[in-house]
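For my numbering, add 4 to where a residue sits in the sequence shown, where the first one is 1. Built from N, CA and C at the ideal position, the CB exists for glycine as well. Every value quoted in this text rests on a predicted model; they were computed, and no experiment measured them.
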Amino acid sequence: MRFLGKTEAKLDVKGRLFLPASFRKELQGSGVDRLVLRKDVFSDCLVVYPESVWNEQMDQLRRKLNRWNKAHQQVFRQFVSEAEMVQLDASGRLLVPKRCLQSAHIQQDVEFVGMGDTIEIWARQEADEPFMEAEAFGSALEELMGGHDDDELKIDGGK
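Encoded structure:
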């Protein structure tokens, strides 16, 4: 699955969002009908995971954590407890729980952002937050992909 691009939408009065057609097609083509919705770990947006992607991420996290370590258990508990299983209805709408809307400051206008194997949902007023200025973006890509030996990316001037 590859979710790409940005699309604006509006939340209806019942808290539902129409998933953009291109994203619905991608899900249908992969036979996915169950999704996981969670607030992003780093930003005030929601992340929609196809169930298989969610399961892979949960498995990856679990492998790095020790069940007998209190801090590890707290990290895992918080990660999974903030997730919600959701499904698209027959019209391609996603019912977003109120607590999720509140955690991402979503009132009505949203922007969907395709992130490869996941989809982000941003409150429209905050949708520019995750993006860098064009010059900083070009520099970061050059540093990452331009053949430098440094493993770490030094980003300044991001937005």
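Item	Value
Exposure label - residue 29; buried when at least 16 CB within 10 Å	exposed
From 45, 137, 130 and 150, residue whose alpha carbon lies closest to that of residue 86	45
Inter-residue spacing [alpha-carbon to alpha-carbon] between residue 5 and residue 48	24 Å
Assigned exposure category for residue 17 - 16 Cβ within 10 Å defines buried	exposed
Cα-Cα separation, residue 43 to residue 57	15 Å
Beta-carbon separation (whole angstroms), residue 142 vs residue 9, contact threshold 8 Å	About 20 Å; that fails the 8 Å criterion.
Short Cβ contact (8 Å threshold) for residue 98 with residue 21	yes
Whether residue 38 touches residue 55 by CB criterion (8 Å)	yes
Paired residues, beta bridge with residue 118 - DSSP	123
Buried or exposed (CB count within 10 angstroms, at least 16 for buried), residue 7	buried
Whether residue 80 touches residue 65 by CB criterion (8 Å)	yes
Identified DSSP bridge partners for residue 7	120
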